[in-house]
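Colleague: Everything in the sequence shown is counted per the working numbering, starting at 131 for the first residue and increasing by one. No residue lacks a Cβ here, since even glycine has one placed at the ideal position from N, Cα and C. These numbers were taken from a predicted model, which means no experiment stands behind them. Pasting a structure below so you can have a look.
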Amino acid sequence: MSAVDLKPEIELWFVTTTPLPAEHDMGAVLGSIPTVRSCSTAGEVVLGADVLDAAERDRARRLASPADAARYVRAHVAARELLAARTGLRPADVRWEVGPHGKPGPVVGQRWNLSRSGDHALVALAETDVGVDVQVRDPRVDVHRLAARFLAPGDARSGTDGDLWRRFSRLEACAKAVGGRLLDVLGLDVRAPGIVRADGGPWRGQEWWVSDVAAPAGAVAACATPGPRPHAPRTRVRGAEPPSPTGPFGVGGTR
Numbered sequence: 131m132s133a134v135d136l137k138p139e140i141e142l143w144f145v146t147t148t149p150l151p152a153e154h155d156m157g158a159v160l161g162s163i164p165t166v167r168s169c170s171t172a173g174e175v176v177l178g179a180d181v182l183d184a185a186e187r188d189r190a191r192r193l194a195s196p197a198d199a200a201r202y203v204r205a206h207v208a209a210r211e212l213l214a215a216r217t218g219l220r221p222a223d224v225r226w227e228v229g230p231h232g233k234p235g236p237v238v239g240q241r242w243n244l245s246r247s248g249d250h251a252l253v254a255l256a257e258t259d260v261g262v263d264v265q266v267r268d269p270r271v272d273v274h275r276l277a278a279r280f281l282a283p284g285d286a287r288s289g290t291d292g293d294l295w296r297r298f299s300r301l302e303a304c305a306k307a308v309g310g311r312l313l314d315v316l317g318l319d320v321r322a323p324g325i326v327r328a329d330g331g332p333w334r335g336q337e338w339w340v341s342d343v344a345a346p347a348g349a350v351a352a353c354a355t356p357g358p359r360p361h362a363p364r365t366r367v368r369g370a371e372p373p374s375p376t377g378p379f380g381v382g383g384t385r
């Protein structure tokens, strides 16, 4: 197989964001309590909220509860640590621009994406634009009502609760891969992974390759990249192994 035939590899990291008992108020969450033990230094370095930038810290303060803030902080600290390991930067020096609908831009050429739900976060590192989504199957959420609002009529009326959660995750991943809004991709046929094509709307003619991702118990996840070319997702659990310093495509993920 030639180099041009190789599937782009997407490195996917699941991160547990469960708050600690000590994180009972916002001061504790954003203070000096250790937040994430670095997996790139064999646990010798503990990273805290101090590696976040001002915008991230302000966002954490605006969340509804200290528990929600703690989950946000843990996810963003972990993303910074993974990006730092890939690019050679310090976690506090990782910088990115944010698109009009919230998509994070490249870090030193490294494409990436982040999703959070419940006590889980999913970080994607790739050589190409990528979108990921993780969804905890929350029994308090009426998934059929959610499907009726966002999924194509044929998708929303068929399938089990689990099928609907997975389809919603695929739809979210497609929107995030192109930096769009969920409302911009309504009507996509996401009943199955593989090639998905927009037949109307702002992204008419756009294609995605969509993969289902094996997620922790009680959750579903998906990954999408723009274009019909298949990708090769590789799922890893943060803390179980160190992040790759360069990845399969070189420092910074440059093409």
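1) Leaving out five residues before and five after Phe280 in sequence, what residues of the same chain have Cβ atoms less than 7 Å from its Cβ?
2) Across which residues does DSSP place Cys304 in a beta bridge pair?
3) Which residues in the same chain have their Cβ closer than 8 Å to the Cβ of Ala179, if we skip the five residues on either side of it in sequence?
4) Decide yes or no for the touch test of the segment 246–262 against the segment 135–151: beta carbon pairs closer than 8 Å, at least 3 of them.
5) Would you identify the three-state DSSP class for Ala184, choosing helix, strand or coil?
6) Which value, in whole angstroms, describes the spacing of the CA atoms of Asp285 and Ala352?
7) For Gly330, which beta-bridge partners are listed by DSSP?
8) Starting from Asp342, trace the beta strand (DSSP E) both ways and give me its first and last residue.
9) Please state whether the Cβ-Cβ distance between Gln240 and Arg225 is less than 8 Å.
10) Would the segment 252–271 and the segment 321–336 be scored as touching if the rule is three or more Cβ pairs under 8 Å?
11) So, under 8 Å CB-CB, Cys304 and Leu318 are touching, yes? Tell me the CB distance rounded to an integer number of Å.
12) What's the gap between the Cα of Pro269 and the Cα of Pro346?
13) Suppose you measure from the CA of Thr365 to the CA of Pro283; what does that come to, to the nearest Å?
14) List the residues that DSSP assigns as beta-bridge partners of Ala254.
15) On the DSSP letters alone, give me the boundaries of the beta strand (DSSP E) that Thr365 sits inside.
16) Using CA coordinates, which residue listed in Ala184, Ala200, Ile140, Asp183 is at the minimum distance from Gly157?
17) Less than 8 Å separating the beta-carbons of Val260 and Ser247?
18) When the Cα atoms are used, what is the spatial distance from Gly289 to Arg296?
Modeller: In brief:
1) Reading the sequence shown from its first residue, position 150 is the one you call residue 280. A distance below 7 Å between beta-carbons, with the five flanking residues on each side excluded, links Phe280 to the following residues of its chain, in chain order: Phe298, Leu301, Leu312, Leu316.
2) Translated into the one-based positions of the sequence shown, residue 304 becomes position 174. Partner(s): none; Cys304 has no beta bridge.
3) Taking the first residue of the sequence shown as 1, we reach residue 179 at position 49. Contacts found: Val159, Leu160, Gly161, Thr165, Arg187, Ala190, Val203, Val207.
4) yes
5) Counting from one through the sequence shown, the residue named residue 184 turns up at place 54. Ala184 falls in the helix class under three-state DSSP.
6) Here residue 285 refers to the residue found at position 155 when the sequence shown is read from its first residue. Here residue 352 refers to the residue found at position 222 when the sequence shown is read from its first residue. Rounded to the nearest angstrom, the two C-alpha atoms are 16 Å apart.
7) Indexing the sequence shown from 1 puts residue 330 at position 200. Gly330 has no beta-bridge partner at all, per DSSP.
8) Residue mapping note: residue 342 aligns to position 212 of the sequence shown, counting from 1. First-last of the beta strand (DSSP E) with Asp342: 337–343.
9) Position 110 of the sequence shown, counted from the first residue, corresponds to residue 240. Position 95 of the sequence shown, counted from the first residue, corresponds to residue 225. Not in contact: Gln240 and Arg225 (Cβ atoms no closer than 8 Å).
10) no
11) The residue you call residue 304 lines up with position 174 of the sequence shown. The residue you call residue 318 lines up with position 188 of the sequence shown. Cys304 to Leu318, Cβ: 6 Å. Contact.
12) Within the sequence shown, residue 269 is the residue found at index 139, counting from 1. Within the sequence shown, residue 346 is the residue found at index 216, counting from 1. Those two C-alpha atoms are separated by around 16 Å.
13) As a working note, residue 365 is residue 235 in the sequence shown. As a working note, residue 283 is residue 153 in the sequence shown. Roughly 32 Å between the two C-alpha positions.
14) As a working mapping, residue 254 is identified with position 124 in the sequence shown. Partner residues in the beta bridge of Ala254, as assigned by DSSP, are Leu142, Asn243.
15) As a position in the sequence shown, residue 365 is number 235, starting the count at 1. From DSSP, the beta strand (DSSP E) with Thr365 extends over 362–367.
16) Counting from one through the sequence shown, the residue named residue 157 turns up at place 27. Closest by alpha carbon: Ala200.
17) Looking up residue 260 in the sequence shown gives position 130. Looking up residue 247 in the sequence shown gives position 117. No. Outside cutoff.
18) Looking up residue 289 in the sequence shown gives position 159. Looking up residue 296 in the sequence shown gives position 166. For Gly289 and Arg296, the distance between alpha carbons rounds to 10 Å.
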